[in-house]
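If you're matching positions, the sequence shown starts at 4 in the working numbering and goes up one per residue. Virtual Cβ for every residue (Gly too), placed ideally from N, Cα, C.
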Amino acid sequence: MNCLTIVAEQVKHTRSAVEERLIRVAVITVSDRAFQGIYKDESGPKVAAAFPKDLYEVIITKVVPDEVKAIANEIVNCVDNEHADVVVTTGGAGCSARDVTPDATASVIHREVVGFSEVIRLANRDKNPNLILSRGVSGIRNQSVIINLPGNPENARMAIESVLPAIPHCIKTVRQQRPARKHGTASHSSILHTQKGGAHSGSKAKSSK
Numbered sequence: 004m005n006c007l008t009i010v011a012e013q014v015k016h017t018r019s020a021v022e023e024r025l026i027r028v029a030v031i032t033v034s035d036r037a038f039q040g041i042y043k044d045e046s047g048p049k050v051a052a053a054f055p056k057d058l059y060e061v062i063i064t065k066v067v068p069d070e071v072k073a074i075a076n077e078i079v080n081c082v083d084n085e086h087a088d089v090v091v092t093t094g095g096a097g098c099s100a101r102d103v104t105p106d107a108t109a110s111v112i113h114r115e116v117v118g119f120s121e122v123i124r125l126a127n128r129d130k131n132p133n134l135i136l137s138r139g140v141s142g143i144r145n146q147s148v149i150i151n152l153p154g155n156p157e158n159a160r161m162a163i164e165s166v167l168p169a170i171p172h173c174i175k176t177v178r179q180q181r182p183a184r185k186h187g188t189a190s191h192s193s194i195l196h197t198q199k200g201g202a203h204s205g206s207k208a209k210s211s212k
């Protein structure tokens, strides 16, 4: 079996793993100046082009300002309303006061997936040592993956390419599991059951005195 056959089989297997349809991708560029039209967004298109068309479909490309609310709202829209399987942001993940993409992302994900961000910071550090300064986070919201990328077009491209191999399996995994109940919460029926049990026990204790 030659290399091309092996790759073809791997792609075929990955397709079946994500329900025989293209993985839906949303790309969000976070930049005040690009949002204001001061300069053309180059990072978003570069990231979008990095997704192989035989496995991924880019359904949304959006530019938003460096504002926590705007970023968080767009991520939620892409996941909850547009049903993107993958949402990647580019920009706003550094250490400056206006770099708030990680904060916005953390406010809307349900679980963090630190491995994506660790690889992004370390995979290309020999080419750009400053990548370790990225505060980018990655995680899961519902059944979608959200990943923060650097803002520089070339760094963003290298970053997404470094984690692409793991994305299909991550999506397959989150689709198969039921949503976890948040700590400290209980269902309405379990609360009623506990209250009834507590009241019953209390009446017994009182009658035995």
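Using 8 Å as the threshold, is the C-beta distance between residue i and residue j below it?
| i | j | result |
| --- | --- | --- |
| residue 78 | residue 61 | no |
| residue 34 | residue 154 | yes |
| residue 166 | residue 123 | yes |
| residue 162 | residue 110 | no |
| residue 93 | residue 40 | no |
Residue i bridges to which residues according to DSSP?
| i | result |
| --- | --- |
| residue 115 | 142 |
| residue 31 | 65, 92 |
Between residue i and the rest of its own chain, which residues show a CB-CB distance below 8 Å, the 5 nearest in sequence each way excluded?
| i | result |
| --- | --- |
| residue 87 | 27, 28, 29, 62, 63, 81, 147 |
| residue 137 | 96, 97, 120, 123, 124, 151, 153 |
Helix, strand or coil: how does DSSP classify residue i here?
| i | result |
| --- | --- |
| residue 2 | Missing from the structure shown is residue 2; the chain here goes from 4 to 212 and no further. |
| residue 164 | helix |
| residue 152 | strand |
| residue 26 | strand |
| residue 60 | strand |
| residue 86 | coil |
| residue 39 | coil |
| residue 127 | coil |
| residue 159 | helix |
What residues in its chain sit with their C-beta under 6 Å from that of residue i, if we drop five residues either side in the sequence?
| i | result |
| --- | --- |
| residue 101 | 69 |
| residue 37 | 44, 66 |
| residue 141 | 116, 119, 120, 150 |
Tell me which residue opens and which closes the alpha helix (DSSP H) that residue i is part of.
| i | result |
| --- | --- |
| residue 107 | 104 to 109 |
| residue 46 | 46 to 52 |
| residue 175 | 170 to 179 |
| residue 80 | Taken as a continuous stretch (DSSP letters only), residue 80 belongs to no alpha helix (DSSP H), as it is neither H nor E. |
Give every residue of the same chain whose Cβ lies closer than 7 Å to the Cβ of residue i, excluding the five residues on either side of it in the sequence, and list them in chain order.
| i | result |
| --- | --- |
| residue 106 | 71 |
| residue 25 | 58, 59, 60 |
For residue i, verify whether its CB is less than 7 Å away from any heavy atom of the ligand GTP.
| i | result |
| --- | --- |
| residue 55 | Absence of the ligand GTP is noted for the structure shown, with no ligands found whatsoever. |
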